[in-house]
Amino acid sequence: MSSVPRGRFRAVLALAWLALLGVGGWLLSGHLRLEEDLRRFLPTPRTPAQVLLVDELGEGPGARLLLLALSGASPEALAARSQALRAALADRPEIALAANGGDAGLDAVPAHLLPYRYLLSPTLDEHALDADYLRAELEQRLQDLGSPAAALVEPLLPSDPTLETLRVAEAWQPARAPQRLHGVWFDRAGAQALLLVQTRAPGFDSAGQQAAVAAIHDAFGASAAAVPESAGARLELSGPGAFAVAIRERTEREMRWIGTADTLGLLLLLALAYRRWSMPLLGALPLASGGLAGLGAVALAFDGVHGITVAFGFTLIGVAQDYPIHFFSHLRPGLDPRQAVRALWPTLATGVAATCIAYATFLFSGVQGLQQLAVFTIAGLGVAAACTRWLLPRLTMPARRDPAHSVRLARLWQGVARLPRPRRSLLLLAAVALAVVLLAPQPFWQNDLSRLTPVPPADLQRDARLRAELGAPDVRYVLAVHGADTEQALRASERLLPVLRRLQGEGVLEGYDLAARYLPSAATQQRRQARLPDEAALRAALARALEGSPFRGDAFEPFVADVAAARAAAPLALADLAGTPLELGVAGLLLERAGGSTALVSLSGLQDPDALAAAVAPLGARLLDLKQASESLVAQWRARLLGALAAAVLLLAATVWLALRSPRRVLRVLAPMALGTLLILAVLRGCGVELNLFHLVALILVAGLGLDYALFFDHAGDDRDQQLRTLHAVIVCSLTTALVFSLLALSAIPVLRAIGSTVALGVVFNFALALLVARAPAQEASP
Amino acid sequence: MDAAWIVQAVARPAPSRTAFVELRSSPMLRQPLRLEGEYRREADGRLVRQVHAPYAETTTLEDGQATVERAGRAPRRIALARAPELAAVRNGFGALLAGDAERLQQHYTLHAEGGRQRWTLALVPRDPRLAASLARIVLHGRGAELRCVESRPVKGEPQRTLLAGAAAEAAGVTDATALAALCRGDAAR
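Those protein sequences? They're chains C and H, same order as listed. Numbering-wise, our numbering comes out as the position in the first sequence, counting from 1, plus 454. Numbering-wise, our numbering comes out as the position in the second sequence, counting from 1, plus 9.
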């Protein structure tokens, strides 16, 4: 074939490949459902706290709450701004509920719940609607009529002379509401107006939280126009959602500059190594194809792709970036690229097969997150290898120079060849490393997920302060009490009330909130109903109360009718709250499941968890520690991963054995990888690092890289030119990998730092060890 | 007639006190409720409305909030932002007693009529929330004496508070028409 049609064929093929990638990317972006739901990534929960955590992860009363503080203007202006902000937030779809203390008025009770007021208010627990009580109440109403605020109360009186509506509205206020100034919540110093916002998106949905946070900033900006005197006011936001958004933005910002620096560095390195502009671009194609294939495979096999699968997956298939480099370094003038790749293929295929077989063990881990990871990496690596084998050679122009003819490389290899082939010293090194790994004083594993995405201490302090001011619930502890159905759960939670009140008095906790505060159990409602007088008795009591009163005898007919309606009403049920401002609050505290219902008691200012747990245990309630539950889930997840890895190591060794069929060669290939892993662990542990899942994922990647380095050195045998080309390939591979990951290691974000430092260390160790151990001895003849 | 002159004339240095008689009518009541008591302006700027008969009640209006104390009950605090009617008392009557023309102008537009010997000053609320329920407050006076505050709601009967000389003349008068005449100053003819 002449070179012109050949060039045209290459261009057409390259364009076709790019078009395929584009179509694939477009299809995926349209159909891929990226899940943020951590539940899919975690193992099956076992303990009640784990079940609750996984069921309600991020949906609990604490996790979707944002705390807002307005400051920097006069209290009157801040109060007016607070009202304007609340009104603006009430119209936003991202916001389920916004409270600023300004709604304690009579209109806080939805109209269709008004007939239930005698069943919802605790009044009837203490008083009967008899003549004495009514007379005392009417005396108060007369004084209300004589006050300057008469116009507020007067319309209500005919139907509600005991102002039960107001009492219900007051009872629904947050359990430990902050002080009110100018009608809205303020902190104790009176300098900050406070608001509580409940997002519609669950806490784990960081995109939803981001939208909610943006909506709040929008509404805050827009409300400035309505209250010009508050123009200088500042908005502070706190709470789990706000933290998640801040960390997400910080991570994205860091990833942006690291990504840009990496791309430039990578292009430069490859262009320098191969002196051809097309190489960096061609070199990116297998990895891009692999990534798309991985995503596509997961999208086909599962309902949605988890965000963590994507993050871990792209880290793990990073090894595929080396495939084209090995190929490029083995090109030489006069050799058809297809021949070059054919010679390389058995080694490359061994590496890919061994890695893929190892990842296949994840399929049997029983954790969907790991299964997704396995499908992603196997499909990704397989496609990337196939692209390198069958597509890339048809695109690549024959080389103009042979790395084996590089003088500098030759000098370097001579130096390497003179190095001793260490045996005993490596054993000693391994023993020392093992000792460091085992003897380092800090705990081996870091289970606390929050330590991976740390919140700045100043923000944590502000959160604690706002949480205390607002009496917002604790995000770590929650009381749970189970019932066969919702009614039983509500009753069980009501039985906790005397104990909770006592403990509150003793200072064990500062406040609590439960669904029964808004929706008493049907039993309680029926008890109150039974205390409502029948019409004749009520009329008689009212007549006696009205004797000698300035009120007209027939002024309270609507009241008589309302009490009769309340006596006959079916108790208010959870479904009746649908569409009211109470719905979300109650739903967060009352979980209805197939096997029964759980009533939650959210806690604030908990001082002594053990005392609380002991006090409520006899009543069947359990104090759940969600932090401990999440840590135990992480530990469980890791145990499954480690189990899968143990099997993976055996399978990988077996695959290499099958391919090489010589104990010495198998040992030469596997030893650098094993020792490299041990050395990374020793350095990390020696530096006082507690290992987490991200270290583990990075270690798996490093093992895959090390395996490839060793396999290629082994493959080069004793042919000097092949050895030089392999050296060239492995140098370029390790330089590119070290470049990408050492930038990550510089990040301030622990997740990125964990991955970056582990891989960067691993590349250095594996490169050195592969060179020392896996290169074929000069005197040994090739088989 | 000049509103500024009236505001200056009726101002009293704090602390000051003025007796009042108030009639409150409601369709729920057999007859209007007649209250007797006094308004006090304290040296620290608080305005106190103390009812002596037919029951005892003290309402203290201060910056941002009102406190209502009744016999045998815990004091109740109400934010003025949530009770525009209470805020109106503070920013109208309270500002007038303090001679605070600026605060008065800030919350109401003022319309004065009559002569120095017998004048009326109408306060029309600027706040649309308040204006929705309160059409205007009409003050009746003679010279430096503010004699009656007439509150005219958008819906319903005017409510009248007789002060100072008018309150004294109202002693023993129970007839609503006679009291309305006293408020307007007709009885003085």
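In this text, a Cβ means the ideal position worked out from N, Cα and C, and glycines have one as well.
Asked                                                                                                               : Found
Boundaries (first-last residue) of the alpha helix (DSSP H) holding C/P777                                          : Going by the sequence as given, residue 777 of chain C is Tyr instead of Pro. D776 to S783 is the span of the alpha helix (DSSP H), which, as asked, contains C/Y777.
Other residues of its chain near C/R854: CB distance less than 7 Å, five sequence neighbours each side excluded     : P787
Residue burial classification, C/H1238 (beta-carbon count within 10 angstroms, cutoff 16)                           : The structure shown does not extend to residue 1238 of chain C, since chain C spans only 455 to 1237, so no value can be given for it.
Test: H/A13 CB closer than 8 Å to a CB of chain C                                                                   : no
Whole-angstrom distance between H/Q59 and C/A1024, CA atom to CA atom                                               : 46 Å
Per-residue contacts from C/S601 into chain H (C-beta, under 8 Å)                                                   : E66, T68 and V77
Spatial distance of C/L469 from C/L475 (CA atoms)                                                                   : 10 Å
H/G101 versus H/E159 - alpha carbon distance                                                                        : 12 Å
Burial state of C/H1149, where buried means 16 or more other Cβ atoms lie within 10 Å                               : buried
contact_flag[the stretch 991-1009 of chain C, the stretch 947-957 of chain C] where n(CB pairs < 8 Å) is 3 or more  : no
Residue of C/R930, C/T763, C/D939 and C/E923 minimising C-alpha distance to C/D1079                                 : C/R930
The stretch 766-775 of chain C in contact with the stretch 1143-1158 of chain C per 3-pair CB rule at 8 Å           : yes
Collapsed DSSP secondary structure at C/E548 in the structure displayed                                             : coil
Other residues of its chain near H/G194: CB distance less than 7 Å, five sequence neighbours each side excluded     : R127, H149, R151 and R156
Residue from C/W899, C/G869 and C/T815 whose Cα sits closest to the Cα of C/G1283                                   : Outside the displayed range of chain C (455 to 1237) lies residue 1283 of chain C, so it cannot be described from this structure.
Proximity test, Cβ basis, 8 Å: C/A1009 and chain H                                                                  : yes
For C/T653, the residue or residues it bridges with in DSSP                                                         : C/I549
Proximity winner among C/A1029, C/V1194 and C/A1170, relative to C/V1183 (alpha-carbon distances)                   : Looking at the sequence provided, one finds Ala at residue 1183 of chain C rather than Val. The option with the nearest alpha carbon to C/A1183 is C/A1170.
Proximal chain H residues relative to C/Q597, where beta-carbon distance stays under 9 Å                            : V60, Y64, E66, V77 and R79
Beta-carbon proximity list for C/A531, same chain, < 8 Å, skipping 5 on both sides                                  : V681, E683, S684 and A687
Residues from the stretch 138-153 of chain H in contact with chain C, defined by Cβ distance under 7 Å              : S142
C-alpha gap between C/D1016 and C/H581, whole angstroms                                                             : 18 Å
C/G1160 vs C/G1216 beta-carbon contact at 8 Å                                                                       : yes
Residue-chain proximity (C/H1251, chain H), Cβ-Cβ < 8 Å                                                             : The structure shown has nothing for residue 1251 of chain C, since chain C only spans 455 to 1237.
Residues bridged to H/I199 (per DSSP)                                                                               : Coverage of chain H is limited to positions 10 through 198, which leaves residue 199 of chain H absent and any answer about it impossible.
Whole-angstrom distance between C/L746 and C/G479, CA atom to CA atom                                               : 7 Å
Beta carbon proximity, C/P1012 to chain H, threshold 8 Å                                                            : no
C/P1237 in three-state terms, based on DSSP                                                                         : With a pLDDT of 35 at C/P1237, under the threshold of 50, the modelled position of that residue is not reliable, and no figure is offered here.
Residue interval of the alpha helix (DSSP H) (run including C/P791)                                                 : P791 to A814
Coarse secondary structure for C/W626, derived from DSSP in three states                                            : coil
Cβ neighbours of C/L845 in the same chain (closer than 7 Å, five flanking residues each side left out)              : W471
Which residues DSSP lists as bridging C/H1182, in chain order                                                       : In the DSSP output, where bridge partners are listed per residue, C/H1182 has none listed.
Chain H within 8 Å of C/L507, Cβ atoms only                                                                         : no
Contact list for H/P162 against chain C, beta-carbon separation under 9 Å                                           : A605
Cβ contact check for the stretch 976-987 of chain C and the stretch 1100-1112 of chain C: 3 or more pairs under 8 Å : no
H/R161 - partner residues in DSSP beta bridges                                                                      : H/R145
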